[in-house]
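*Asks:* Per our numbering, the first sequence starts with residue 33, numbered consecutively.
C-beta: ideal position from N, C-alpha, C; glycine also.
Before we start, here is the structure in question, set down as structure tokens.
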Amino acid sequence: MSDATLPKGYEPADVEARWGKHWEDNQTFRADPQAVLEGGREPYSIVIPPPNVTGALHMGHALNLTLQDILCRFMRQQGKSVLWVPGTDHAGIATQNVVERQLKKEGKKRDDLGREKFIERVWEWKKEYGDRILNQIRRMGASVDWTAERFTLDEGLSKAVREVFVRLYGEGLIYKGNYIVNWCNRCHTALADDEVEHAPRKGKLYQIRYPLADGSGELVVATTRPETMLGDVAVAVHPEDPRYAQAVGKMVTLPLVGKEIPVIADAYVDMEFGTGALKITPAHDMNDWALARTHNLPVIAVIDDKGLMNENAPSAYQGLSKSACRDKVVEDLTALGLLADIAEHDHSVGECYRCKSVIEPHVSEQWFVKVAPLAKAAREAVPGQTRIVPAQWEKTYFEWLDNIRDWCISRQIWWGHRIPAWTCQACGELIVQTEDPADLKTGCPKCGGELAQEDDVLDTWFSSALWPFSTLGWPEDTDKLKAFYPTSVLVTGFDILFFWVARMMMMGIHFEKQVPFRDVYIHALVRDEQGKKMSKSTGNVIDPLEMIAKYGTDSLRFTLTAFAAMGRDIKLSEKRIEGYRHFVNKIWNSARFALMNMPEDGGAPGVSLEDACVSAPLANRWILHRLEELKDEVESATLEYRFNDIAQSLYRFIWNEFCDWFVEMAKGDLYGEDAAARDATRRVLLTVLSETMVLLHPVMPFVTQEIWSVLPGVADKELALQPYPERRPQLKSSQAARDMAFFQGVVGATRTIRTELTIDPAKKLSLIIDTADAAPGAQAVLTDNVHLIRQLARIDGADMGPGRTGPRASGTAVVEGSRIFVPLKGVVDFGAEVARLDKELGKLDKQLTALRGKLSAPGFANNAPADIVAAENEKLAGLEDAKAKLAALQERLKSALDEEA
RNA sequence: GGGCGGAUAGCUCAGCUGGCAGAGCAUCGGCCUUACAAGCCGGAGGUCACAGGUUCGAGCCCUGUUCCGCCUACCA
Numbered sequence: 033m034s035d036a037t038l039p040k041g042y043e044p045a046d047v048e049a050r051w052g053k054h055w056e057d058n059q060t061f062r063a064d065p066q067a068v069l070e071g072g073r074e075p076y077s078i079v080i081p082p083p084n085v086t087g088a089l090h091m092g093h094a095l096n097l098t099l100q101d102i103l104c105r106f107m108r109q110q111g112k113s114v115l116w117v118p119g120t121d122h123a124g125i126a127t128q129n130v131v132e133r134q135l136k137k138e139g140k141k142r143d144d145l146g147r148e149k150f151i152e153r154v155w156e157w158k159k160e161y162g163d164r165i166l167n168q169i170r171r172m173g174a175s176v177d178w179t180a181e182r183f184t185l186d187e188g189l190s191k192a193v194r195e196v197f198v199r200l201y202g203e204g205l206i207y208k209g210n211y212i213v214n215w216c217n218r219c220h221t222a223l224a225d226d227e228v229e230h231a232p233r234k235g236k237l238y239q240i241r242y243p244l245a246d247g248s249g250e251l252v253v254a255t256t257r258p259e260t261m262l263g264d265v266a267v268a269v270h271p272e273d274p275r276y277a278q279a280v281g282k283m284v285t286l287p288l289v290g291k292e293i294p295v296i297a298d299a300y301v302d303m304e305f306g307t308g309a310l311k312i313t314p315a316h317d318m319n320d321w322a323l324a325r326t327h328n329l330p331v332i333a334v335i336d337d338k339g340l341m342n343e344n345a346p347s348a349y350q351g352l353s354k355s356a357c358r359d360k361v362v363e364d365l366t367a368l369g370l371l372a373d374i375a376e377h378d379h380s381v382g383e384c385y386r387c388k389s390v391i392e393p394h395v396s397e398q399w400f401v402k403v404a405p406l407a408k409a410a411r412e413a414v415p416g417q418t419r420i421v422p423a424q425w426e427k428t429y430f431e432w433l434d435n436i437r438d439w440c441i442s443r444q445i446w447w448g449h450r451i452p453a454w455t456c457q458a459c460g461e462l463i464v465q466t467e468d469p470a471d472l473k474t475g476c477p478k479c480g481g482e483l484a485q486e487d488d489v490l491d492t493w494f495s496s497a498l499w500p501f502s503t504l505g506w507p508e509d510t511d512k513l514k515a516f517y518p519t520s521v522l523v524t525g526f527d528i529l530f531f532w533v534a535r536m537m538m539m540g541i542h543f544e545k546q547v548p549f550r551d552v553y554i555h556a557l558v559r560d561e562q563g564k565k566m567s568k569s570t571g572n573v574i575d576p577l578e579m580i581a582k583y584g585t586d587s588l589r590f591t592l593t594a595f596a597a598m599g600r601d602i603k604l605s606e607k608r609i610e611g612y613r614h615f616v617n618k619i620w621n622s623a624r625f626a627l628m629n630m631p632e633d634g635g636a637p638g639v640s641l642e643d644a645c646v647s648a649p650l651a652n653r654w655i656l657h658r659l660e661e662l663k664d665e666v667e668s669a670t671l672e673y674r675f676n677d678i679a680q681s682l683y684r685f686i687w688n689e690f691c692d693w694f695v696e697m698a699k700g701d702l703y704g705e706d707a708a709a710r711d712a713t714r715r716v717l718l719t720v721l722s723e724t725m726v727l728l729h730p731v732m733p734f735v736t737q738e739i740w741s742v743l744p745g746v747a748d749k750e751l752a753l754q755p756y757p758e759r760r761p762q763l764k765s766s767q768a769a770r771d772m773a774f775f776q777g778v779v780g781a782t783r784t785i786r787t788e789l790t791i792d793p794a795k796k797l798s799l800i801i802d803t804a805d806a807a808p809g810a811q812a813v814l815t816d817n818v819h820l821i822r823q824l825a826r827i828d829g830a831d832m833g834p835g836r837t838g839p840r841a842s843g844t845a846v847v848e849g850s851r852i853f854v855p856l857k858g859v860v861d862f863g864a865e866v867a868r869l870d871k872e873l874g875k876l877d878k879q880l881t882a883l884r885g886k887l888s889a890p891g892f893a894n895n896a897p898a899d900i901v902a903a904e905n906e907k908l909a910g911l912e913d914a915k916a917k918l919a920a921l922q923e924r925l926k927s928a929l930d931e932e933a
């Protein structure tokens, strides 16, 4: 048995380090597929949303991990076989950027190293820094199975990626083509639609004159990007626009370029906007691209993939950057008198979600996934096979899937899964296969010629989309996959509902014929105190690691849990975390108290709970009753993802009930001479504390484990593997609840009188209670617990029974029909009591007025359910009784005052 | 433009299927009462955004309005 005392203050750093290591060394959370496949145990599995290897733990991760951990630890208690898969994602663009920056410091570029050397270099970086975020996950206390850890670029997952690519290609769901895509000049790669973020920017709207070639006038077009005019191929107007009806079909002369381009009509054009004439630049605008296709217009790119004007621009502009070219174009147009207007114009501009530079639509050869068929299945699976919680997100999910466009999956970078496609240098044959031809030592199957692999790699999200089954060993049919797929729930923020969740749904359904998860729980975003998104540039980031260092992991976890109400963002401030550290301290000290009051020999109390419950005192009956209710509350709240309710129920129970009332009431028995009573109360104290530790453990794993490990009579020190506390329905007692409420009312009323009349706390008062009108059993509650009333209300003498009356000069109150008297003569100037009673009477009046109004309202008695009517009438009677008694007591007091005067 | 969410105590937020408006923090008053001053006891503080409607009864359901967030979209 370990030393059954605890240090005075809780030291989170030491405790967390110790138990964290213990869990990992002992592989406490290692999942066992055989327990499911052969043992018949129910599986429960979660795959972690893999953070970027380049990432550092932020509050969003902290919340995400906390909620998943609560679920996993709770499900273990429920007897499930739990697998929580940790891992990271290779974050193609982000990681490549990091290493490129590193190279830059050495004065090198990636091209200086070449593809192979560069990738080696990234792996080196990954080896050195890639574990950072994983170690931070450890500090959160996450009960993941570290033996199951995966990385999107590791061998198994790479195999899965190739398998998926090849199969989709074979099914015609992946194709290659020349299309306009979102292009980031800085990252030098294509991006998917949803990797482009739109941000409002202040810009200008330029109006440019395009003279009609026949000299019959001009069209004025409006544009925010004048430099693109060099690539214009047409001007479009609305077919029903009378202003331009005669111009349709004519040619205009493109200024600065000098060539003639047609005026076309298309209903896409908004007559209201600008001049109603739209210049068409198919190579540099998504919409223009679409128009050009319907009208069979040529595509002329004038900007290259680095953002510089290319050889298709007039020589005067070639080689200029976009912005330099814009300046020159504006200057030249002005000189020619062709610039009709410049106006301020706010519009939204696409930015790269990784580097925030402006996205340039760019025509290039790319690979795409044809998503429509996949999206259809993903849509139909909700809510039948996969439930989105809270359900309000279903709409967002549907909306996106309904409007989805083909997914550009090729990226012009090096770090990632290289596309498994080879082109024959001799005959141009395209080969897509899982095996590397080089490994197979084969050439072109058609002509035997030399094969060259695609340079591009796949979008990181392509591999992330496979995460729920690739991490379980797919495409092999592993035991893990059999036991744990589909996963039980995916816990994530709504910000990657599209990027990731929808795509996992598509891939999971397509390749495993089953949805990847039963539930998707969408949690809040963590924001700062003002409700702003935390970001490094704003400087409003609260660093979870710093908070852990200062307040401990449990405080942080509890705070996040307490604020994780469904469907609402969390506004977090350091003060809240600090506040909940007080709660951790409270728990710690209540455990210290309990341990100080256990048998001296370090063993458990010598009485069973069953025996302790025989003729148990009020405090014991009541707290055991409440403990049973708590088990129900915590269980249902967890099963329904009501995380804030878990926190609230536990907080209230531990602090306001267990500590404030039970412990105080137990002291009498614990310190008393009656050995039987002492042992019984010790047993109850230990039972409640230890079961509470189990209930609290999923939220606060460290402090509960530390306390658990020193509790007397605990055979298994591994709290994480304890079953959920057994139910003892026979201990539920509404009578105990009622008795306790009465007891608390009496103590509370007495305390209020004392404090309100500013009576010295050290001054002992006497107490007289008239129980003539009390509920059955109330007298016994008082008689049996008079010693506790003395102690808690700081009372000296007590006289309680039907018909008792105190002196007129008493502080008075009415509790559930019983009259309370606190004699004040010689204690305090009791004039203040008259005023206090006025206030109390006022409160009663207010309630009475409202209640009488309700009861007398026409139709209430007839229409309301009988039990409600009865309850309301009973309430009215109680209030009327209290008011009458209190008013009479006040009169007595006044007469006493008059006599004195 | 479309969609979603929010408005409840000074602050941050709970309030499940309609039935006495709650908590934490802050605040005020009093306490070093032998687990805890990171604590204990007590008090004060609300026209539940606004206007209608349904109902015996609305913070909750319905309609409209205002003000805030957020997501999404191809008005150049």
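For Gln767, is the classification buried or exposed, using 16 other Cβ atoms within 10 angstroms of its Cβ as the cut-off for buried?
*Replies:* Start at 1 with the first residue of the first sequence, and residue 767 comes out as number 735. Its Cβ having fewer than 16 others within 10 Å, Gln767 is exposed.
*Asks:* Do the stretch 880-889 and the stretch 817-827 touch if we need at least three Cβ pairs shorter than 8 Å?
*Replies:* In short, these stretches do not touch, since the Cβ pair count stays below three.
*Asks:* Figure out for me which residue from Glu482, Glu723, Ala453 has the closest Cα to the Cα of Cys459.
*Replies:* Taking the first residue of the first sequence as position 1, residue 459 is located at position 427. It is Glu482 whose Cα lies nearest to the Cα of Cys459.
*Asks:* If you count every other CB in all the chains shown that lies within 10 Å of the CB of Arg7, and 16 or more means buried, which is it?
*Replies:* What is shown of the chain runs 33 to 933, which leaves residue 7 out entirely.
*Asks:* How far does the alpha helix (DSSP H) with Cys387 in it extend, from its first residue to its last?
*Replies:* Along the first sequence, one-based indexing puts residue 387 at 355. Counting along the chain, Cys387 falls outside any alpha helix (DSSP H), and DSSP gives it neither H nor E.
*Asks:* How would you write the range of the beta strand (DSSP E) that Gly829 sits in, first residue to last?
*Replies:* Sequence index remark: in the first sequence, residue 829 carries index 797 (1-based). Element bounds for Gly829: 827-833.
*Asks:* Go ahead and pull the three-state DSSP assignment for Ala350.
*Replies:* To locate residue 350, count along the first sequence from 1; it is residue 318. For the sequence presented, residue 350 should be read as Gln rather than Ala. Three-state DSSP puts Gln350 in coil, outside helix and strand.
*Asks:* Any idea if Arg437 is buried or exposed, counting beta-carbon neighbours within 10 angstroms, 16 or more meaning buried?
*Replies:* Reading the first sequence from its first residue, position 405 is the one you call residue 437. Exposed: under 16 other Cβ atoms inside 10 Å.
*Asks:* Expressed to the nearest angstrom, what Euclidean distance is found between the alpha-carbon atoms of Ala708 and Leu743?
*Replies:* Within the first sequence, numbered from 1, the residue matching residue 708 stands at position 676. Within the first sequence, numbered from 1, the residue matching residue 743 stands at position 711. Going from the Cα of Ala708 to the Cα of Leu743 covers about 21 Å.
*Asks:* Restricting to Cα atoms, I'd like to know which of Ala484, Leu244, Ala626, Lys926 is closest to Cys456.
*Replies:* Residue mapping note: residue 456 aligns to position 424 of the first sequence, counting from 1. Checked all of Ala484, Leu244, Ala626, Lys926; the closest Cα to Cys456 is Ala484.
*Asks:* Please state the DSSP three-state secondary structure of Phe694.
*Replies:* Here the question's residue 694 lines up with position 662 in the first sequence. In this structure, Phe694 counts as helix in the three-state DSSP scheme.
*Asks:* Between the C-alpha atoms of Ser347 and Arg386, what's the straight-line distance to the nearest angstrom?
*Replies:* Indexing the first sequence from 1 puts residue 347 at position 315. Indexing the first sequence from 1 puts residue 386 at position 354. Rounded to whole angstroms, Ser347 to Arg386 spans 34 Å at the Cα level.
*Asks:* So, helix, strand or coil for Leu462, using DSSP?
*Replies:* Locating residue 462 in the first sequence gives position 430, counting from the first residue. It is a strand residue.
*Asks:* With a threshold of 6 Å on Cβ separation, who are the neighbours of Glu461 within its own chain once the five nearest residues in sequence on each side are excluded?
*Replies:* For the purposes of this step, residue 461 is identified with residue 429 of the first sequence, where counting begins at 1. Around Glu461: Cys476, Lys478.
*Asks:* Which whole-angstrom value is the C-beta distance of Ile791 and Val860, which I expect to be below 8 Å?
*Replies:* By one-based count along the first sequence, residue 791 stands at place 759. By one-based count along the first sequence, residue 860 stands at place 828. With 8 Å as the limit, Ile791 and Val860 qualify as a contact, their Cβ atoms being about 5 Å apart.
*Asks:* Residues bridged to Lys236 by DSSP?
*Replies:* In the first sequence, the residue the question calls residue 236 occupies position 204. Answer is Glu376.
*Asks:* In whole angstroms, what separates the C-alpha of Thr524 from that of Ala279?
*Replies:* Residue mapping note: residue 524 aligns to position 492 of the first sequence, counting from 1. Residue mapping note: residue 279 aligns to position 247 of the first sequence, counting from 1. About 55 Å.
*Asks:* Quick check on this structure: which residue in Gly858, Leu880, Ala830, Ala806 has the alpha carbon closest to the alpha carbon of Gly849?
*Replies:* Here residue 849 corresponds to residue number 817 of the first sequence, with the count starting at 1. Nearest of Gly858, Leu880, Ala830, Ala806 to Gly849, Cα basis: Ala806.
*Asks:* If Asp186 sits next to Ala63, beta carbons under 8 Å apart, how far is it from one beta carbon to the other, in whole angstroms?
*Replies:* For the purposes of this step, residue 186 is taken as the residue at position 154 of the first sequence. For the purposes of this step, residue 63 is taken as the residue at position 31 of the first sequence. Actually they are not in contact, since the Cβ atoms of Asp186 and Ala63 sit about 19 Å apart, beyond 8 Å.
*Asks:* Excluding five sequence neighbours on each side, which residues of the same chain lie with their C-beta closer than 6 Å to the C-beta of Lys796?
*Replies:* Taking the first residue of the first sequence as position 1, residue 796 is located at position 764. These residues qualify, in order along the chain: Asp828.
*Asks:* Pull the bridge partners of Gly525 from the DSSP assignment, please.
*Replies:* Locating residue 525 in the first sequence gives position 493, where the first residue counts as 1. Answer is His555, bridged to Gly525.
*Asks:* Report yes if the CB atom of Val47 is closer than 8 Å to the CB atom of Glu610, and no otherwise.
*Replies:* Indexing the first sequence from 1 puts residue 47 at position 15. Indexing the first sequence from 1 puts residue 610 at position 578. No; because the gap between Cβ atoms is not below 8 Å, this pair is not in contact.
*Asks:* What is the rounded straight-line gap between the Cα of Val946 and the Cα of Leu103?
*Replies:* Any answer about residue 946 is impossible in this case: the structure gives the chain only from 33 up to 933.
*Asks:* Quick one: what does DSSP say Thr260 is sitting in, helix, strand or coil?
*Replies:* For the purposes of this step, residue 260 is taken as the residue at position 228 of the first sequence. Reduced to three states, the DSSP call for Thr260 is helix.
*Asks:* Would you kindly work out how many angstroms separate the C-alpha atoms of Arg851 and Ile801, rounded to a whole number?
*Replies:* Position 819 of the first sequence, counting from 1, holds the residue named residue 851. Position 769 of the first sequence, counting from 1, holds the residue named residue 801. Looking at the two C-alpha atoms, the distance is approximately 6 Å.
*Asks:* Under a Cβ-count criterion, where at least 16 other Cβ atoms within 10 Å of its own Cβ denotes burial, should Arg142 be classed as buried or exposed?
*Replies:* Here residue 142 is taken as the residue at index 110 of the first sequence, counted from 1. Looking at its Cβ environment, which holds 16 or more other Cβ atoms inside 10 Å, Arg142 is buried.
*Asks:* Quick one: give me the first and last residue of the beta strand (DSSP E) that Ile206 is part of.
*Replies:* The residue you call residue 206 lines up with position 174 of the first sequence. Run containing Ile206: 206-216, per the beta strand (DSSP E) assignment.
*Asks:* If you reduce the DSSP assignment to three classes, tell me which class Lys861 lands in.
*Replies:* To locate residue 861, count along the first sequence from 1; it is residue 829. Reading off the sequence shown, one finds Asp at residue 861, where the question assumed Lys. Reduced to three states, the DSSP call for Asp861 is coil.
*Asks:* Find the nearest neighbour of Pro287 within the set Ala324, Arg241, Phe305, Ala268, judged by alpha-carbon distance.
*Replies:* Mapped onto the first sequence, residue 287 falls at position 255. Nearest of Ala324, Arg241, Phe305, Ala268 to Pro287, Cα basis: Arg241.
*Asks:* So the candidates are Lys311, Arg786, Ala651; which of them puts its Cα closest to the Cα of Val813?
*Replies:* As a working mapping, residue 813 is identified with position 781 in the first sequence. Of Lys311, Arg786, Ala651, the residue nearest in Cα terms is Ala651.
*Asks:* Report all residues from its chain with a CB closer than 7 Å to the CB of Asp695; omit the five preceding and five following residues, and keep chain order.
*Replies:* Taking the first residue of the first sequence as position 1, residue 695 is located at position 663. Here the sequence assigns Val to residue 695, which means Asp is not the residue at that position. The residues are Ser622, Phe625.
*Asks:* According to the neighbour-count rule (16 or more other Cβ atoms, all chains shown, within 10 Å of its Cβ), is Asn328 buried or exposed?
*Replies:* In the first sequence, residue 328 corresponds to position 296, counting from 1. Its Cβ having fewer than 16 others within 10 Å, Asn328 is exposed.
*Asks:* If you run the structure through DSSP and keep just helix, strand and coil, what is Lys603?
*Replies:* Position 571 of the first sequence, counted from the first residue, corresponds to residue 603. In this structure, Lys603 counts as strand in the three-state DSSP scheme.
*Asks:* So what does DSSP say about Cys456, is it helix, strand or coil?
*Replies:* Translated into the one-based positions of the first sequence, residue 456 becomes position 424. In this structure, Cys456 counts as strand in the three-state DSSP scheme.
*Asks:* Please name the residue or residues paired with His230 in a DSSP beta bridge.
*Replies:* Translated into positions along the first sequence, residue 230 becomes position 198. Bridge partners of His230: Gly382.
*Asks:* For Val131, report the span of its beta strand (DSSP E) as first-last.
*Replies:* By 1-based counting over the first sequence, the position of residue 131 is 99. Val131 -> not in any beta strand (DSSP E); alpha helix (DSSP H) instead, spanning 124-137.
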